[in-house]
């Protein structure tokens with residue numbers, strides 16, 4: 331039973347929340363009530379979950395020596411010798427096969443191509459790009475953009491350039507916050523990434539501030555764009571900007587004041603204030619887009 335738990339931990343199930351970005355095209359495209367499109371995106375979500383699991387297992391297998399030096403990552407199943415290398419390789423092959431086969435059979439070759447590109451991106455990221463400053467966080471952001479395009483392909487929704495832009499900016503913001511946490515660990519004697527040689531606190535903090543500001547401006551411009559107002563039949567989308575501003579300020583507080591931005595997914599799942607802000611944003615945009623616009 332403990333072995334099954336180790337396999338589950340190895341796939342990092344809490345990280346699967348990232349694949350929620352596949353639903354953004356449906357949400358902003360007024361197609362959440364389209365049950366067929368929603369079902370297709372749910373299938374795509376599952377395929378990306380398998381792909382993500384394969385990526386995490388490969389990452390842990392590749393970085394096992396570095397993980398054993400990390401104060402937290404040393405507890406991961408492979409680093410702690412709870413899961414062997416052969417078992418890990420089998421997991422990678424099975425999960426990647428499920429992701430690609432499920433994508434091609436159930437959603438078509440275009441979606442499978444995006445999943446394949448996502449797997450390739452993470453392959454080159456793990457093998458080398460993760461050690462190159464700026465390129466490492468760019469790869470992470472591109473991975474989120476791929477999820478958005480995948481959601482649009484699965485749900486047969488045109489992917490808005492606004493959503494792509496804001497997804498990239500927000501992902502860069504979160505990745506920089508994670509690098510700041512890595513720098514704090516390095517100050518304590520636990521250097522966890524080679525790419526940290528290309529960062530310092532001033533650069534990372536400045537980058538976060540820039541990404542936060544540009545993300546907010548982009549979102550505001552999106553809400554008041556004539557095309558967007560016409561598409562959603564509402565001039566009140568700008569009201570949802572208040573929640574976006576509060577949410578980003580909260581994350582800055584978590585990063586700069588509380589110094590706990592090492593895992594964005596855990597922050598999202600555990601911080602009640604941030605959860606409340608996100609729920610209020612979702613509720614307000616849902617009411618404006620799906621109630622008052624009709």
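Residue numbers (the numbering used here): 331 to 624.
Using N, Cα and C, we set each Cβ at its ideal position, and we do this for glycine too.
Supposed close pair residue i, residue j - CB separation, criterion 8 Å
i: residue 358; j: residue 493; result: 6 Å
i: residue 473; j: residue 451; result: 6 Å
i: residue 408; j: residue 396; result: Not a contact, Cβ separation roughly 12 Å.
i: residue 441; j: residue 374; result: 6 Å
i: residue 598; j: residue 606; result: Not really, about 12 Å apart at Cβ, beyond 8 Å.
i: residue 429; j: residue 454; result: About 17 Å separates the two Cβ atoms, so there is no contact after all.
i: residue 528; j: residue 463; result: 2 Å
i: residue 595; j: residue 571; result: About 24 Å separates the two Cβ atoms, so there is no contact after all.
i: residue 461; j: residue 524; result: 4 Å
i: residue 432; j: residue 380; result: 7 Å
Contacting residues, own chain, Cβ-Cβ under 6 Å from residue i (five flanking each side not counted)
i: residue 384; result: 422, 425, 426
i: residue 619; result: 562
i: residue 412; result: 336
Close Cβ partners of residue i (< 7 Å) along its chain, the five nearest in sequence each way excluded
i: residue 355; result: 478, 481, 482, 485, 487, 489, 493
i: residue 369; result: none
i: residue 388; result: 422, 456
Three-state class that DSSP yields for residue i in the structure shown
i: residue 406; result: coil
i: residue 593; result: coil
i: residue 485; result: helix
i: residue 362; result: coil
i: residue 601; result: coil
i: residue 566; result: coil
i: residue 464; result: coil
i: residue 393; result: coil
i: residue 414; result: coil
i: residue 581; result: helix
i: residue 552; result: helix
i: residue 345; result: helix
i: residue 370; result: helix
i: residue 586; result: helix
i: residue 337; result: helix
i: residue 537; result: helix
i: residue 437; result: coil
i: residue 386; result: helix
i: residue 510; result: helix
i: residue 398; result: coil
Neighbourhood of residue i by C-beta distance below 8 Å, restricted to the same chain and skipping five residues each side
i: residue 538; result: 503, 506, 507, 510, 582, 585
i: residue 386; result: 340, 341, 342, 345
i: residue 350; result: 375
i: residue 544; result: 499
Member of the options whose CA lies at the smallest distance from the CA of residue i
i: residue 467; options: 590, 371, 526, 380; result: 526
i: residue 496; options: 415, 541, 563, 434; result: 541
i: residue 569; options: 499, 402, 411, 615; result: 615
i: residue 398; options: 410, 388, 561; result: 410
i: residue 610; options: 589, 601, 577; result: 577
i: residue 612; options: 574, 601, 602, 591; result: 574
i: residue 516; options: 348, 551, 592; result: 592
i: residue 590; options: 514, 476, 565, 550; result: 514
i: residue 415; options: 392, 405, 555; result: 392
i: residue 366; options: 338, 436, 608; result: 436
i: residue 347; options: 459, 378, 559; result: 378
i: residue 501; options: 512, 402, 491, 469; result: 469
i: residue 352; options: 338, 364, 371, 334; result: 371
i: residue 580; options: 475, 608, 465; result: 608
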